[in-house]
Amino acid sequence: MKAATTTLLRVLRRRHGLLLALVLLVGAASGAAAQRTVDVGVILDRSTWVGNMSWTCMELALDDFYADDSHARYLTRLKLHLRDTGPNAVDAAAAGVDLLKNVGVQAIVGPQTSTQAKFLARLGNKSSVPIISFSADCPSRAGLTPYFIRTAWNDSSQAEAIASLVQKHNWREVVPVFEDDDTNTKFIPDLVDALKQVDTRVSYRCKIHPSATEDAMKAAISSLRHNWTSVFIVRMSHALALKFFQLAKDEGMMGQGFVWITAYGLTDIFDVVGSPALDVMQGVLGVKPHVQDTVKLQNFAQKWHSKYRLENPGTSLSEPTVSGLYAYDTIWALASAAENATYVNLDFGPSVTKNGSTDFDRIDTSKAAEKLRGALLKVNFSGMSGKFRIENTQLASSYYMIINIVGQERREVGFWTPEFGISGSLNMKSDINTIIWPGGDHETVPRGWLLPRNKRLQIGVPANPGFGQLVRYENGPEGQKGFCIKVFDEVVDNLPYQVLYDYHGFDDGHGNSNGTYDELIYKLYLKGFDAVVGDVTILANRSLYVDFTLPYTESGVRMLVPVLDRRQKTAWTFLKPLTADLWLGTGAFVVFTGFVVWCIENHEDFKGTPANQIGSVFYFSFSTLVFAHREKIKNNLSRIVVVVWLFVVLIVQQSYTASLSSILTVEQLQPAVTNLDEVIRKGSYVGYLNDSFLPGLLKSLKIDESKMIALNSAEEYNDALSTGKVAVIVDEIPYLKLFLSKYCHNYTMTGPIYRFDGFGYAFPLGSPLTADITRGILKLASNGKMAELQKDLYGDKSCPDKDDSQTSSSLTLHSFQGLFSISGACSILALILHALITDKGVFSRWLAAIWSKLFRKSNTLQIMMRPVEGQGS
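What follows is the structure in structure tokens.
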């Protein structure tokens, strides 16, 4: 019985084990049947370190995603199908067709160049299969290629970061240097727009063909070297950049004074430790996406380093670049999207022929791939490169890092954020770290421009100007003279750097002027000269073509007219110094003063018949005007009245004498014409300096062109005015002052001043010399050197201004109101006192009344102060 029982148990155990094994096998088969494979094509150029690095990142991403516990139960599994196509766009397109038709992929990842991306984007549109690139952009992507998705940051945000870096250092001109391919078709316009927002001009665009020879690149670098601008923004492939920077270094353009900024893509080369590019890129600034350093990223970098070194022995790449992180996040996002799309049947349908066909026209659309695209656009997670979120088929951008190449190191100098621009911190506005510029300088920020090497500036000078004291050009090294030349030479001599230049006359080859000043400015605009020095007036229309410095002369336009002797020769000129009210007021006070003295005095000199008394009063009063009175003054009151009146007479007499003298001298030098309205009304002729801008001004002032006469020199000015050929000459103040320094006594400046900006030196638009020359002019003005040059120009003697504003005017009663008031008050007071003293009864009664009132007030005050009876003291 016991043996039978034991045997039975053994059989049950054996069967139970078989049953358990059967259950496990069925479960495994069921799980395998539930998972679906999502085929994804990968197109890379494995001959480049970017392609190799990216492939390693993708493989690790696939392993890491499905090794994650949270993804263990996923029903989908990505399968990557790699195609190594090299750089050729046709090979990439053929590989894309093969992957779509013969493999049935639901997505294609990785075209490395924009040319490849453009071809594959067309395949994506036709088949509804998403084409996903973590590096290249498609030039026609916006709105035209909805199935092209870029899992890298937007180039326009990178352009804003570069523009902010340029703005921070006050560089006003830059030169983009870029590879002439589809990659930069959209980026360069974005960059130019961003630079315009910060008032920086793109003076020149340097295109380098992808297959450019060494001679072609040398020619391009030579053109850069002979350009003024020394700030360059570079965006090109790594291989081309290495050749370019090596040639630039050989040309001496990686030294002091130059600025090189590399856009992201090229900045990836900085991550290659020991790269030969770093040796020739010392001091270069680079812009790259900022990636937060996390423990997760550090662990991934270690794992990537081990795998990459094993597969690529001898490599100098020590860690994955940002592009590699984008590749990693792209695979992670695709795996998530595949699961979220809830695939049931991922077969590509009839287009999967498995016969090696690459017929482009027979590619069918894939609804499964379209669902995958929709799911991918909704993916949102924190990846290795940061926040992963697709916006408008483009990875949403964030912050950029500014790095500086010093030795074999990448120095972080700051960040760019939309909130703070260029800053040393991501969270607040702060100073960036010190930048080591090309040439090793870290103290002085390059000014952004350099004088072309071994080039002398060609400076245009007006030929045969009307006033040689301002500028005169003659052939020969010492043939350039004049105030304008001296000021320019003085300014240039004081610049902190050397400027070599030669003067060239704007003539026809025979010493004659080759055109107007406007034509001279236009030749500068056409790059016929590097600058224009001379008596060139700053005008608004000229500033459209050139830049002007600060004016270095007095500004404005006035009239030059003869002076005439208009001395008053009438019999009544002596009355003009005083106005009628002052004459009447003086006469009234003369009579009143005589009357007061007659009332106070009471002796034989003022007695007699009424007629004699009246005669005595008037004789005494008028004789005081010339201090010739002989009557004796006995009363003290009348003496006071007479003394005050004589003081008034003295002041009025002296003022009258001065005014009359002024009338008889100053007025004889009045200008013949005081305004242009008088000239227009009389139909007189107006002179102006030949080849100047003044005809336009005169026309705007309603002067007929037939009444204008062009003159060429100071001598012609004198002849035209003295003979009456012209009534006035309209010219700028510096010319008129020079004329008057020679012909001072016969002419004068008069009329209103028509404001203009004076003389300035002209340079091409955007020329960096303009600001330095302007600062030099201000320095001359402040240290007194400009005043010395002007003294040499105009001479020591000064010519008085004979403008009619200096004409004497008649004296008015208001001018002497105070004096007459004092004299009248004294007379009235003396008359009142005399009346009181003479009538003693009235005076006594008056004194008694005053004394009575004072006595009454005193008694009242004593009563009020007396204590009341019955109260204590």
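Positions -34 to -1, 1 to 839 (mature numbering (1 follows the signal peptide of the UniProt record, and there is no 0)) are the ones given, in order, by the sequence shown. Note that the Cβ used here is the ideal one computed from N, Cα and C, for glycine as well.
Consult DSSP for residue i and reduce its assignment to one of helix, strand or coil.
i, result
"residue 636", "strand"
"residue 800", "helix"
"residue 36", "helix"
"residue 46", "strand"
"residue 428", "strand"
"residue 549", "helix"
"residue 359", "coil"
"residue 307", "coil"
"residue 450", "helix"
"residue 742", "helix"
"residue 338", "helix"
"residue 128", "helix"
"residue 375", "strand"
"residue -10", "For residue -10, the pLDDT reaches just 41, beneath the cut-off of 50, and the residue's location in the model is therefore unreliable, leaving the point undetermined."
"residue 487", "helix"
"residue 698", "strand"
"residue 353", "strand"
"residue 64", "helix"
"residue 317", "Only weak support exists for where residue 317 lies, its pLDDT of 44 falling under 50; the coordinates are left without a value."
"residue 730", "strand"
"residue 752", "helix"
Mind checking residue i: buried by the 16 CB within 10 Å criterion, or exposed?
i, result
"residue 298", "buried"
"residue 179", "exposed"
"residue 712", "exposed"
"residue 270", "buried"
"residue 487", "buried"
"residue 412", "buried"
"residue 754", "exposed"
"residue 248", "buried"
"residue 218", "exposed"
"residue 370", "buried"
"residue 717", "buried"
"residue 56", "exposed"
State the Cα-Cα distance for the pair residue i and residue j, rounded to the nearest angstrom.
i, j, result
"residue 65", "residue 230", "30 angstroms"
"residue 388", "residue 356", "25 angstroms"
"residue 236", "residue 10", "21 angstroms"
"residue 18", "residue 52", "12 angstroms"
"residue 203", "residue 259", "27 angstroms"
"residue 193", "residue 125", "23 angstroms"
"residue 156", "residue 254", "17 angstroms"
"residue 439", "residue 422", "18 angstroms"
"residue 601", "residue 567", "6 angstroms"
"residue 553", "residue 529", "38 angstroms"
"residue 785", "residue 541", "21 angstroms"
"residue 781", "residue 708", "40 angstroms"
"residue 458", "residue 162", "31 angstroms"
"residue 771", "residue 629", "The predicted model places residue 771 with a pLDDT of 43, which falls under 50 and marks its position as unreliable, so this point remains unresolved."
"residue 252", "residue 227", "6 angstroms"
"residue 526", "residue 761", "19 angstroms"
"residue 39", "residue 266", "23 angstroms"
"residue 776", "residue 549", "11 angstroms"
"residue 671", "residue 679", "20 angstroms"
"residue 243", "residue 7", "32 angstroms"
"residue 563", "residue 610", "12 angstroms"
Bridge partners for residue i per DSSP, in chain order?
i, result
"residue 470", "426"
"residue 366", "255, 382"
"residue 2", "42"
"residue 173", "144"
"residue 30", "Partner(s): none; residue 30 has no beta bridge."
"residue 198", "141, 226"
"residue 119", "361"
Thinking residue i and residue j are a contact (beta carbons under 8 angstroms), I'd like their distance in whole angstroms, please.
i, j, result
"residue 490", "residue 498", "5 angstroms"
"residue 727", "residue 454", "6 angstroms"
"residue 841", "residue 472", "Here the chain has residues from -34 to 839 only, and residue 841 is not among them."
"residue 401", "residue 379", "5 angstroms"
"residue 646", "residue 668", "6 angstroms"
"residue 415", "residue 130", "Not a contact, Cβ separation roughly 20 angstroms."
Would you verify that the beta carbon of residue i is, or is not, closer than 8 angstroms to some beta carbon of chain C?
i, result
"residue 550", "In the structure shown, chain C does not exist; there is a single protein chain."
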